[in-house]
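**Student:**
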Amino acid sequence: MVSGLINANPIVYEKKERQVRNVATVHDEYAVEPIDQEEIFDIKDPEHPYSLEELKVITEDAIEVDNERSYVRVTFTPTVEHCSMATVIGLCLRVKLMRSLPSHYKMDIRVAPGTHATEAAVNKQLNDKERVAAALENPNLLDMVDECLAPSYA
Amino acid sequence: MAEPSQLSKYIESFVDSSLSPSQQAESLEAIASLLKNNQLTIETLVREMEGYLTTVDNVIRSRGILLLGEVLVRLASKPLDDATVHSLIAFFTDRLADWRALRGALVGCLALMRRKSCGGMVSGTDAKAVAESYLQNLQVQSLGQDERKLCFELMECLLERYPNDVASLGDTLMYGICESVDREKDPHCLMLTFHIIEVLSRLFTDPSGAPDFSHELFEILSCYFPIHFTHPKGEDLKIKRDDLARALMLAFSSTPLFEPYAIPLLLDKLSSSLPSAKLDSLRYLSDCTVKYGVDRMAKHVQAIWSSLKEVIFTSPGSDLSFTSESLEGLDLPKNEIAAEALSLLQKLVVQNAKLSLDLIVTDEDINMIFNMISSYKNYHEIPSEIKQRLHAVGRILSTTAKASQESCNRVFECFFGRLMDTLELSARNSSGQPDSDESTLISKRCNHGALYLSIELLSACRDLISSSETIRAASSHSEESWKSLLQNFSPSLTMAFRSAFICSSKDTHDADMYFGVKGLLILATFPGGYLLISKTVFEKILVTFVSIVIVDHDKILLWKLALKALMQIGSFIERYHDSEKEPSYMGIVVEKIVSLASAGDISMPFPLRLEALSDIGTSGQSYMLKVVQGLEEAIYANLNEVYVHGSTDSAEIVTHLLRCYSDKMIPWIRCAKGFEEVLLQFSINIWNQIESSMVFSASLTNQRGVLDAMIKAMKLAVASYSVEKQNIIVQKSYNLLISTISFPSEELFQQGRFQIAEEVDNSSGRDEWILSLFAAVIIAVYPQTHVPNKRSIVSLFMTTLLKGNVAAAQALGSMVNKLDLKSTGGQTSSDCTLEEAIDIILKSSLWIFQKNSSNIQAKIIGDRETGLNNLCNGVGRCTSLHIHAIVGLAWIGKGLLMRGHEKVKDMTMIFLQCLQSSGRANISNQDKDVSENNYELDLHHSVMKSAADAFQILMDDSEQCLNREFHAVIRPLYKQRFFSTIMPLLQSLVVKLEPHSRRFVFRASAHIIIDTPLVVVLSDSKKIIPMLLDGLSALSNDVADKDVIYGLLLVFTGILMDKNGQEAVSDSAHTIVDCLIDLMQYPHMMLVRETALQCLVAVSRLSHARIYPMRTQVLRAVIKALEDPKRAVRREAVRCRQAWASIA
């Protein structure tokens, strides 16, 4: 493991204001609110106390949700090209999706093209079921992931 | 005389260090009380103690001396002769040299020094001797904290009480004190130290003669500034940083001799980056400026001004807010530092007006801003750093102008003219008429920066004259130049402000409107009649505002601002009793606004009109009177339309008017004094009007809203009267009632309900109207108010409530709630007591739910004499009558319940019987034979439902009647009592009934659980939880029960969050989880699903052994919730899933 931070001084962007709850509006009790991009936010960065959104690792535009075909694709952008945390971030995203989405959804997580040195390797690793399952057996990794996801359960 | 042996025992036990402190204290008190009661003289005591006081054993000697000292502390008020005092002080003075027994000596000295003059004081020479001994013998800084504190107290006492004697010591004293206070660190001692220096330097103010010690003293002080206080919280008891800072400040400013050292130091620290240092510096500077005097401060003024300017210019200022709330709020900086700086500036200007004004007037930065603002037309164009400086200049000028008349003159002379030039305004010419023609002025936009500064200046001089008491006297003799300037420019300024919001119709900014309105507002609120602002100008301003209010209602901000400004002008006139301006205001504003209530030709929307009306009314009593009159006239006129023609338009208007009356006016009138008569007149007029309108075409069906609004207004109005006035109105309405409505005869109630109902149906719309209003009056009266002919009224209401008139039911409930328990002396036949009323109610056949087969009815009547239980017989075809009867009974029951009357039981029994009905109306005849005494009933579902909902009426806090506002009799804890009596009944009922008919019992119990205070439910949670869970699952099938389900779930959440509740819950964890899992899929209400998931999260925190078996079941169920159509539910589902997944 490299000592010190990989990106010591990241640029922090503002978080987009989301309406948490609008009680005042009259709900149509039976209206359907489709699953959309908002379900995936509030994941903490593995090395900084900011959320991935604040670091612009993921944005709403980078998440595609297709409810008809039960398909989700997330494209994330590591802050620096050689970021060794890319796989951890990807794993967090995957776990978050696994826990948040109904089981029939298929998810595809990839690094944005041209933003990472070992793009292909990372993509392959993230979308390999066996390797993801194996990674989640590792207690150290699982702790790390859980820590990153903690704010989204707050 | 006390026994010598006893005394020596006391002494021995105090001196003996092996005994406990409490025993020592006891013997000390014993000796002191002997002395106080003259059973012992000081002399005897000293003789007795001789051995202890002179022994060579250090410990015993110090205890002995301490005993003597402490005894003297306790004798502070006992007179002692001079010789004793003298010899004692001589002894202690001598003992100060004995460092091993110092404490006692210090305590003794202090006790003697503090004696009041009445009972023997230490003489001046003795005090001097003490001081000498002190200075010679004490090495204060080498002592412990307690002794140091005593030393400082002693010195403080010497300096304060014997200043002249001590002062004669001169240098020695100075040196001694400097030495002893140097490097003190304990906060308690520091407080004393600072005070000692303060007193000391006052003592040596005169610089002649004695060598100057101020430098040395200040050296000691200066190292404490600024106070850096790091004591952790809670450790030190009383002293805070602010106390220390204040004490040090007083020491700083104690003598002008410190000036050469203090001011440079403070100015230096002012430039520090530490906010607390800045703040302290400013405060100290303010204090020093006042105390050091003009001459000494003169040479520092320039330096202080430049630092101040720096502070004010750089203090982070916020943007001006252009909302109606900030209209009158002074533009004070939120920043504490800037506020402190401005107050220092004001002190400087007051103290040395000429010098500081010269500086301000010639200041380059200020002049630069003045040059700069002319290049920006619009407020929003100004870059933020210049905006900040602009605000700073505004504040500086306004503070300066506010300081004194002289400074105000100077500022106006120098700056006002320039501002007017920038705004391109001209003074009034000699003829006194504004020479600018309006058209040219209106066509161009005004400079915002200049507008802002003129507003600041104007408001400053307004505040200046409103703060000076003798406005007229001051302005008559002195020719203040700012006043003449203001007089000359006020017409054209008015034009400028008006044009600010009139001209720029295309790209209007908030700033335009805000500056315009604020400027006009300030001009209009100059105190002192028309002295400064002429009548024409004032009236023009009013007309402008009024026309905005009436015409420009589509510009929301401008409208609000103008209305607010009018309100403030109104309350200003009221506050200053400005008799000159009041007629103009009344004529222009109030009249016009009041006419809004009735005028039909204006496009202004009605709610806005009412807002304007009520706002203007609340700004002053005399306006309110007018407004209320106008409003009432409009109400009467429109009501007339409604009565005679049944006009729908008028009905809508009058509903608005009445709502405004009851929501805005009545609350205000209640707070103000002297308006009761007006309110009384209002309700009397309403009654008169309805009395005189014989043609009545308003029907209940389409004018329900009007009647409801009238009922509400009537209730609120009547509730605010005194008992005597209520008597008047009750009598008045009763007279009208008997003249129109024929009271039902008592026999009627013995007949069947259908006859009654038919009887009631005969009444006309007007009767119904009168009856409802009468019910409103009855609801709102005090228990003491006399209601005539109660018997008939009770019967009347009973017939009326069958028609579904809820007001009548509520009135009946209120009557029952407020009736006297015992009959009063002069009772007539028409009066009745509570018991009688209840008899009338319960015996009537209204509650007999008639059965078409008469034999059964006969059987039932024969069974019980009261016929109470007959209620529960019924047929499906008169369902609505049943429901009305039950609702009526529920309100009556509520009245009884709240006063804690036991008859409420009879009523609840009726409801319970209804709930037991099988719900199968047609097929139950054979059941009847089986259960003769069980009164198996056949009631329609909706009747059973309303019986269940009767419990909600019983328990709920109603806003419409039976509350504090309407003077209900409320017994404490009535809900709790009812809860504990009724719940066992309901529980046993559940057991008794067949499963399919339990639903309404659950609904009833749910109402009770929901409305009982949570604490009560918690204390009974073990018994309640099964009921609650059964209720949740039984009610989850029907949409109509969704609110009840939600209420129950909330109670359940409350139980889960409580410590005791959790214990009760964990016993039945399995059932609970099952129930919650079912509710997770509840289709009719999102909140239920969400709350169920939240409850599950809470359940996951129960003991692991209990919940682990359910884990897989929960996880499987939560997955389904992940696909919920609502986002909030999905979010909770994710949380819930995580919570349960992580308990593995």
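Those protein sequence lines, which keep their order, are chains U and S. Going by the numbering used here, the first residue of the first sequence is number 1, and it counts up by one from there. Going by the numbering used here, the first residue of the second sequence is number 155, and it counts up by one from there. Glycine included, each C-beta is placed from N, C-alpha and C at the ideal position.
1) For Pro-151 (chain U) versus His-116 (chain U), is the C-beta distance shorter than 7 Å?
2) When you compare the region 1212-1219 of chain S with the region 1181-1192 of chain S, are there three or more beta-carbon pairs, one atom per stretch, that lie closer than 8 Å?
3) With a threshold of 16 other CB atoms inside 10 Å of the CB of Tyr-1262 (chain S), please say whether the residue is buried or exposed.
4) Using only the alpha-carbon positions, how far apart do Ser-176 (chain S) and Leu-260 (chain S) sit?
5) Would Met-98 (chain U) be called buried (16 or more neighbouring beta carbons within 10 Å of its own) or exposed?
6) Return the first residue and the last residue of the beta strand (DSSP E) that Met-1240 (chain S) is part of.
7) Would you call His-1121 (chain S) buried or exposed, if buried means 16 or more other Cβ atoms sit within 10 Å of its Cβ?
8) Ordered along the chain, which non-local residues of its own chain (more than five positions away) have a Cβ less than 7 Å from that of Leu-173 (chain S)?
9) For Gly-363 (chain S), does the count of other Cβ atoms within 10 angstroms reach 16, so buried, or fall short, so exposed?
10) Could you tell me which of S:Leu-194, S:Val-504, S:Phe-406 and S:Thr-1207 sits nearest to Val-448 (chain S), measuring between CA atoms?
11) Where does Ser-427 (chain S) fall in DSSP's three states?
12) Using alpha carbons as the reference points, say which of S:Gln-1141, S:Val-1193, S:Arg-1153 and S:Asp-1197 lies closest to Pro-1180 (chain S).
13) Just the chain U side, please: which residues come within less than 7 Å of Glu-1277 (chain S) by C-beta, in chain order?
14) Along the chain, which unbroken stretches of the alpha helix (DSSP H) at least 4 residues long are found entirely within the region 685-762 of chain S?
15) Met-697 (chain S) versus chain U: which residues are under 8 Å apart at the beta carbon?
16) Throw me the rounded Cβ distance for the Leu-955 (chain S) and Gly-1042 (chain S) pair, which I believe falls under 8 Å.
17) Measuring only between beta-carbons, confirm whether Val-1288 (chain S) sits less than 7 Å from chain U.
18) Whose C-alpha, out of S:Ala-1102, S:Pro-761, S:Glu-878 and S:Met-267, is nearest the C-alpha of Lys-124 (chain S)?
19) Shortest alpha-carbon distance to Tyr-288 (chain S) belongs to which of S:Gly-274, S:Gln-299, S:Cys-311 and S:Gly-273?
20) Per DSSP, what kind of secondary structure is Glu-567 (chain S) in: helix, strand or coil?
21) Per DSSP, what are the beta-bridge partners of Glu-64 (chain U) in this structure?
22) Alpha helix (DSSP H) containing Arg-813 (chain S): first to last residue?
23) Between which two residues does the alpha helix (DSSP H) harbouring Lys-97 (chain S) extend?
24) Are the beta-carbon atoms of Ile-381 (chain S) and Ala-401 (chain S) separated by less than 7 Å?
25) For the beta strand (DSSP E) that contains Arg-824 (chain S), what are its first and last residues?
26) Between Met-778 (chain S) and the rest of its own chain, which residues show a CB-CB distance below 8 Å, the 5 nearest in sequence each way excluded?
27) Is the distance from the Cβ of Glu-1286 (chain S) to the Cβ of Leu-1256 (chain S) below 7 Å?
28) Any beta carbon of chain C sitting closer than 7 Å to that of Phe-1156 (chain S)?
29) Give me the residue from U:His-104, U:Lys-96, U:Asn-127 and U:Tyr-105 with the minimum Cα distance to Leu-111 (chain U).
30) Could you work out which residue in S:Ala-963, S:Val-284 and S:Arg-337 is closest to Asp-319 (chain S) when comparing CA atoms only?
31) So which of S:Thr-987, S:Pro-759 and S:Tyr-530 has the shortest CA-CA distance to Asp-708 (chain S)?
32) According to the neighbour-count rule (16 or more other Cβ atoms, all chains shown, within 10 Å of its Cβ), is Arg-201 (chain S) buried or exposed?
33) Among S:Thr-409, S:Leu-357, S:Ser-408 and S:Tyr-415, which has the Cα closest to the Cα of Cys-377 (chain S)?
34) Under 8 Å: do the region 493-509 of chain S and the region 517-533 of chain S share three or more Cβ pairs, one atom per stretch?
35) Show which residues of chain U have a CB atom less than 8 Å away from the CB atom of Ile-1273 (chain S).
36) Taking DSSP as the reference, what is the three-state secondary structure of Lys-1280 (chain S)?
**Tutor:** This is what the structure holds:
1) no
2) no
3) exposed
4) 22 Å
5) Answer is exposed; the Cβ neighbour count stays below 16.
6) Here Met-1240 (chain S) belongs to no beta strand (DSSP E); instead the alpha helix (DSSP H) covers 1240-1253.
7) buried
8) Once the five neighbours on either side are set aside, the close Cβ partners of Leu-173 (chain S) are Ser-167.
9) Interpretation of Gly-363 (chain S) is limited by its pLDDT of 48, a score under 50 that renders its predicted location unreliable; no figure is taken from the coordinates.
10) S:Val-504
11) Looking at Ser-427 (chain S) - three-state DSSP - the assignment turns out to be coil, as it is neither helix nor strand.
12) S:Gln-1141
13) In chain order: Pro-102.
14) 689-705, 710-730, 735-739 and 745-750
15) Reading the sequence as shown, one finds Val at residue 697 (chain S) and not Met. Simply none; closest approach about 39 Å.
16) 4 Å
17) yes
18) With chain S covering only 155 through 1298, there is no way to say anything about residue 124 (chain S).
19) S:Cys-311
20) helix
21) Answer is U:Arg-73, bridged to Glu-64 (chain U).
22) 802-814
23) No answer is possible for residue 97 (chain S): it lies beyond the span of chain S, which begins at 155 and ends at 1298.
24) no
25) Arg-824 (chain S) -> not in any beta strand (DSSP E); alpha helix (DSSP H) instead, spanning 820-825.
26) Gly-771, Thr-772, Met-819, Trp-822, Ile-823, Ala-826 and Phe-829
27) no
28) The structure shown has no chain C; the protein chains it does contain are U and S.
29) Rather than Leu, the amino acid found at residue 111 (chain U) in this sequence is Val. The candidate whose alpha carbon is nearest that of Val-111 (chain U) is U:Asn-127.
30) With distances taken between Cα atoms, Asp-319 (chain S) lies closest to S:Val-284.
31) S:Pro-759
32) So Arg-201 (chain S) ends up on the exposed side.
33) S:Tyr-415
34) no
35) Pro-102 and Ser-103
36) In the three-state reduction of the DSSP assignment, Lys-1280 (chain S) falls in the coil class, being assigned neither a helical nor a strand state.
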